[in-house]
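What follows is a short report on a single structure.
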Amino acid sequence: MQRILSKIVVFTLIATVLTGCSPVRQYISFWESERELKAAFVKEPTADLLRSLQPGDSFLLAGPVQLEKKGYKGPVLVVAVTDMFKSREIVATRILQTPVLYYQIYLPEGNYDLFFFADLNGNGYFDADEMVGQTSGSPIHIRKEEVKDGLTFNGPAFALDTNKSKTTDLPIKIQLRSKDFVVDSLDDEIFDPQYGEMGLYNPKKFFAHTQRFVFSLENLNPNKTMILFVHGVAGTPRDFKYLVDGLDRNRYQPWFFFYPSGMPLQKMGSLLADILKVL
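Everything in the sequence shown is counted per our numbering, starting at 1 for the first residue and increasing by one.
Written out as structure tokens, the structure is:
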């Protein structure tokens, strides 16, 4: 791990120039959406709406996962459930791509139960009768005062057993998404400039689009020096296309931190530090 970390070079694009009218339209649309969300929350408060209204006051619940791999090599779904406003509300879902080593899910302060699912029947969906793990005992209590880095709340470890699935009453029927961190090129649709603007004005929608934060053009090669590119305001990894095209790919390996620039920089910096620890 130390050898890999010593060969990481971070390249940061401090800011991007916002041109044209699109950012203005995005800004107006954002505030219109905010008003609608606030009105909906007053009428019928839910934890999901609270997370949408206060993304900066939510935290990344994260912890290790030990997956029994006999006969199953696919992704895992984690579901966060709370009774904050109504009984057994599903607040957020997150697909954990292979290798499944840890879970992370973005939540506001509160008490949560986590449920894990695997596509055991191979139909392309996570179903309610494919639960392979869940919290036991008391719910996980996310408290702001226990968040040391401004972002991450350390959750418990889970052992997931794909040989002993159970059924839950939760309305789970979620399609698999096999998109991993490796992309063919920076021209990939996931890096379209519109998503950079989305990350500035609508972080939750951005999270739903990316499902992760770090991307690469190839699998990790510890024999190469990793160059980590970090874009600026409303940016995407595509901003670095000219620089990446000039790299000696026999010596250097480009990686990209794709984050919502509308989130507090302290939180995003803490997240990036945590990600580098597991690369």
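Don't be surprised by glycine CBs; every beta carbon is placed ideally from N, CA and C.
- Query: Shortest alpha-carbon distance to H209 belongs to which of E197, L220 and D239?
  - Reply: E197
- Message: Quick test of the definition: if touching needs 3 or more C-beta pairs under 8 Å, does the stretch 121–129 touch the stretch 231–242?
- Response: no
- Can you tell me whether G155 is buried or exposed, with buried defined as 16 or more other CB within 10 angstroms of its CB? buried
- Task: Go ahead and pull the three-state DSSP assignment for F181.
- Result: coil
- Message: For V91 and R51, which I take to be in contact (beta-carbon distance under 8 Å), what is that distance rounded to the nearest angstrom?
- Response: 6 Å
- Tell me which same chain residues have a C-beta within less than 7 Å of the C-beta of T82, skipping the five on either side of it? A47, E89, V91, G110, N111 and Y112
- Task: Could you have a look at K43 and say whether DSSP puts it in helix, strand or coil?
- Result: helix
- Task: Count the other C-beta atoms from every protein chain shown that fall within 10 angstroms of the C-beta of L5, then say buried if there are 16 or more, exposed otherwise.
- Result: For L5, the pLDDT reaches just 46, beneath the cut-off of 50, and the residue's location in the model is therefore unreliable, leaving the point undetermined.
- Taking L60 and L271 to be in contact with their CB atoms under 8 Å, please state how far apart those CB atoms are, rounded to whole angstroms. 6 Å
- Message: Looking at the secondary structure, which residues open and close the alpha helix (DSSP H) in which E197 lies?
- Response: P193 to Y201
- Name the residue from L276, I172 and Q266 whose alpha carbon lies nearest to the alpha carbon of V147. Q266
- Query: Are the Cβ atoms of Q134 and F116 separated by less than 8 Å?
  - Reply: yes
- Alpha carbon to alpha carbon, how far is Y201 from E32? Give it in angstroms, no decimals. 11 Å
- Item | As assigned by DSSP and simplified to three states, the class of K267 | In the structure shown, K267 sits in a helix (DSSP, three-state: H, G or I).
- Provide the residue span of the alpha helix (DSSP H) that contains D245, from first to last. K241 to D245
- Item | Bridge partners - T98, DSSP secondary structure assignment | Beta-bridge pairing links T98 to no other residue.
- A128 and Y72 look like a contact to me (Cβ under 8 Å); what is the Cβ gap, rounded to whole Å? With a Cβ gap of about 17 Å, A128 and Y72 do not count as contacting.
- Own chain partners of E68 with C-beta closer than 7 Å, once the 5 adjacent residues on each side are dropped: L160, D161, T162 and N163
- Query: Among all the DSSP beta bridges, which residues are the ones paired with P254?
  - Reply: I227
- Counted within 10 angstroms of its Cβ, other Cβ atoms place K204 as buried (16 or more) or exposed: When all chains shown are included, K204 counts as buried.
- Query: Buried or exposed: which applies to G137, given that a residue is buried once 16 or more other Cβ atoms fall within 10 Å of its Cβ?
  - Reply: Its Cβ having fewer than 16 others within 10 Å, G137 is exposed.
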